[in-house]
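Residue numbers (the working numbering): 65 to 368.
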């Protein structure tokens, strides 16, 4: 038996929990961003000395990861708190490699911060970034909220919100081109996106996972370019809820498994106007419209 009576001492217990947390997170560094009270001349190492912008925190985290052998296999954390408006927008052009960006605090009634901008990530080998509980909102002029290039891999959005609603709606929520192991899980896409909530471009998208999201769009829900490939690892669009005007999923490449999705579309109920999938790649999808609902693809006997 292990003697754990020392945990009754609050200070020892706190220290033990800190050590355990470091072990579980790979002993990475933590950085803090407070849009309202922070300063980019701080070191960003605590809520008492937070950075003001996420861009500066990303640069600090990447420098830490690349500084030596200790950081190469580590994983950092950036805690982001903010309720900035468009006058104080921040547009991301880089990502933090091997780092979780964790949204904390509130933006008005929303239990998450909101980062306002049309983010276009530039060239660079960004690996393993995860955004958790972060809200993204477009600029008033419209456009795509988040655009990611081919050199990114292992990017994940978990429990995030992409808000494209406004007088001028966003064209896209997320545009990702040849991003391997991209995962979009438990997110919300809000607004009548004029082209698609999610767009997957030409190139290798091995390990694509779009799961458990609420996807609203004024046009298509998920749009997959005909040139998208999943040569090594399959792609999956599963367990999502759609509220769209045209196609729920338009997989022009026919490469992803599409199953257990639900929702409605304003389109006619024929499969060609509700769901486009590769032959034998879809199963158990239920969609409705003003005239009824149906299973896509239709249930049929499998011949031996």
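Backbone N, C-alpha and C fix where the C-beta goes; we use that ideal spot for every residue, glycine too. The structure presented is a predicted model; accordingly, all values stated were derived computationally and were not measured.
Start-to-end residues for the beta strand (DSSP E) that takes in residue i
{"i": "residue 313", "result": "313–315"}
{"i": "residue 118", "result": "Looking at the DSSP string, residue 118 is not in any beta strand (DSSP E); the run it does join, the alpha helix (DSSP H), is 118–130."}
{"i": "residue 296", "result": "No beta strand (DSSP E) holds residue 296; DSSP gives it neither H nor E."}
{"i": "residue 326", "result": "326–329"}
{"i": "residue 280", "result": "278–280"}
{"i": "residue 170", "result": "Run containing residue 170: none; DSSP gives neither H nor E here."}
{"i": "residue 94", "result": "94–98"}
{"i": "residue 287", "result": "284–288"}
{"i": "residue 320", "result": "320–323"}
{"i": "residue 156", "result": "No beta strand (DSSP E) holds residue 156; DSSP gives it neither H nor E."}
{"i": "residue 220", "result": "220–222"}
{"i": "residue 272", "result": "Unbroken run through residue 272: none, as it is neither H nor E."}
{"i": "residue 249", "result": "247–249"}
Counterpart residues of residue i in DSSP-defined beta bridges
{"i": "residue 357", "result": "352"}
{"i": "residue 163", "result": "140, 193"}
{"i": "residue 292", "result": "267"}
{"i": "residue 227", "result": "201, 254"}
{"i": "residue 207", "result": "234"}
{"i": "residue 304", "result": "Paired residue(s): none; residue 304 is not in a bridge."}
{"i": "residue 147", "result": "178"}
{"i": "residue 239", "result": "211, 263"}
{"i": "residue 217", "result": "191, 244"}
{"i": "residue 340", "result": "314"}
Buried/exposed call for residue i, threshold 16 Cβ in 10 Å
{"i": "residue 254", "result": "buried"}
{"i": "residue 208", "result": "buried"}
{"i": "residue 149", "result": "exposed"}
{"i": "residue 296", "result": "exposed"}
{"i": "residue 46", "result": "With the chain covering only 65 through 368, there is no way to say anything about residue 46."}
{"i": "residue 131", "result": "exposed"}
{"i": "residue 240", "result": "buried"}
Residue i versus residue j: straight-line alpha-carbon distance, rounded
{"i": "residue 353", "j": "residue 338", "result": "10 Å"}
{"i": "residue 302", "j": "residue 106", "result": "43 Å"}
{"i": "residue 266", "j": "residue 291", "result": "4 Å"}
{"i": "residue 356", "j": "residue 331", "result": "11 Å"}
{"i": "residue 204", "j": "residue 238", "result": "17 Å"}
{"i": "residue 289", "j": "residue 319", "result": "10 Å"}
{"i": "residue 94", "j": "residue 108", "result": "8 Å"}
{"i": "residue 133", "j": "residue 140", "result": "14 Å"}
{"i": "residue 189", "j": "residue 217", "result": "8 Å"}
{"i": "residue 138", "j": "residue 96", "result": "18 Å"}
{"i": "residue 198", "j": "residue 345", "result": "32 Å"}
{"i": "residue 125", "j": "residue 321", "result": "36 Å"}
{"i": "residue 160", "j": "residue 273", "result": "21 Å"}
{"i": "residue 101", "j": "residue 116", "result": "7 Å"}
{"i": "residue 112", "j": "residue 194", "result": "24 Å"}
{"i": "residue 298", "j": "residue 308", "result": "25 Å"}
{"i": "residue 185", "j": "residue 310", "result": "29 Å"}
{"i": "residue 317", "j": "residue 324", "result": "20 Å"}
{"i": "residue 313", "j": "residue 234", "result": "18 Å"}
{"i": "residue 264", "j": "residue 211", "result": "10 Å"}
{"i": "residue 135", "j": "residue 163", "result": "11 Å"}
{"i": "residue 114", "j": "residue 248", "result": "28 Å"}
{"i": "residue 180", "j": "residue 315", "result": "30 Å"}
{"i": "residue 122", "j": "residue 340", "result": "38 Å"}
Nearest neighbour of residue i, chosen from the options [CA to CA]
{"i": "residue 220", "options": "165, 327, 130", "result": "165"}
{"i": "residue 329", "options": "233, 284, 299", "result": "284"}
{"i": "residue 243", "options": "225, 228, 236, 271", "result": "271"}
{"i": "residue 170", "options": "239, 99, 237, 156", "result": "99"}
{"i": "residue 327", "options": "234, 198, 225, 278", "result": "278"}
{"i": "residue 22", "options": "224, 202, 246", "result": "Beyond the ends of the chain as shown, which are 65 and 368, falls residue 22; an answer cannot be given."}
{"i": "residue 228", "options": "217, 248, 259, 250", "result": "259"}
{"i": "residue 226", "options": "188, 183, 189, 191", "result": "183"}
{"i": "residue 373", "options": "128, 120, 261", "result": "There is simply no residue 373 to check, as the chain begins at 65 and stops at 368 in what is shown."}
{"i": "residue 158", "options": "314, 127, 309", "result": "127"}
{"i": "residue 230", "options": "309, 256, 299", "result": "256"}
{"i": "residue 250", "options": "103, 201, 196, 316", "result": "196"}
{"i": "residue 232", "options": "263, 310, 206", "result": "206"}
{"i": "residue 305", "options": "294, 280, 248", "result": "280"}
{"i": "residue 154", "options": "142, 202, 143, 174", "result": "202"}
{"i": "residue 192", "options": "362, 129, 103, 275", "result": "129"}
{"i": "residue 92", "options": "172, 142, 104", "result": "142"}
CB contact check: residue i to chain D, cutoff 9 Å
{"i": "residue 195", "result": "Going by chain labels, chain D is absent from the structure shown, which holds only one protein chain."}
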